[in-house]
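See below for the structure under consideration.
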Amino acid sequence: MNCGTHTDKASIAQCANCGIGVCSECESYSSVLKPYYGILCPNCFKQKLNESVKFLKKEIIKDSIRLGIESLLWFVGFILIIWAIVGFATNQDTLGVVLVLILGILIAGIFQGIQVFWAGRKERQVDDLIVAASSYDGYTLAGGLIGSTIGKIIAFFLNTVLGVFLSVYSIIKMSISLNNETKTYKMLSKEQSTVNNVEKNN
Ligand SMILES: [Zn+2]
Ligand SMILES: [Zn+2]
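Written out as structure tokens, the structure is:
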């Protein structure tokens, strides 16, 4: 079979998207997307490149908002928890201190807690680690016994309390993945403008 784009050249593979022949020149042309989509013909490469840049842009915005909200909540809650600990140490009004502590835990961990109610929570990276330890046990155990609503509420509180610690892990992990997304986005949009320039000049 010959290359679908360069009809005088022998193909070395088939486009992973549309199946036409791909020669070595086409292969190197699309190499930047090879780890994500396999070998592509020039047309599919352009299409996938545009899709990927668009998709990454959306993901970066979504993840930045998520990271911002979780970091802010955790930080405010953490300050309240420290405040309460200092209050215990200096023997201030116990009821007030306990209330501040509970409020601090709720605020610091709520971002992890509410994920119990999200349909897509299984996709969250942090879940691999926490599911076994926290929410799932509470959720499935209580869910099987009493009913899923009560189970979810129990799981929500479990996840929120554990969220005081798990949020730190989640924030670090999200920062790393946001950084990687941004790097890939920059690399691909550079490639995109190169491809567009080549097209303009031809
Ligand atoms: Zn193709
Ligand atoms: Zn070719």
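In my numbering, the protein residues as written are 820 to 1021. Think of the CB as a built atom: it goes at the ideal place given N, C-alpha and C, for glycine as much as any other residue.
Close Cβ partners of L875 (< 8 Å) along its chain, the five nearest in sequence each way excluded: E1000, T1003, Y1004, L1007
message: Using only CA atoms, which one of K865, Y855, V895 lies nearest to N1016?
response: K865
- request: My understanding is that G932 touches N978, with C-beta atoms under 8 Å, so please give their C-beta distance in whole angstroms.
  value: 4 Å
- request: Would you list the residues whose beta-carbon is nearer than 5 Å to any heavy atom of ligand 1, in the order they occur in the chain?
  value: C834, N836, C837, C860, C863
message: With distance defined between alpha-carbon atoms, name the residue in I926, N836, I972, V841 nearest to I901.
response: I926
message: Given a cut-off of 8 Å on the beta-carbon distance, is the pair V916 and A903 in contact?
response: yes
task: Could you say which of P854, Y856, T824, A835 lies nearest to C842 if we only look at CA atoms?
output: T824
query: For the alpha helix (DSSP H) that I858 lies in, which residues bound it at each end?
result: No alpha helix (DSSP H) holds I858; DSSP gives it neither H nor E.
Closest residue to C860 among Y848, L914, K971 (Cα-Cα distance): Y848
query: Taking C-beta to C-beta, are L886 and S871 nearer than 8 Å?
result: no
field: 7 Å CB neighbourhood of E846 in its chain, flanking five on each side removed
entry: I831, A832, I858
message: What does DSSP give as the partner residue(s) for V841 in the beta ladder?
response: A832
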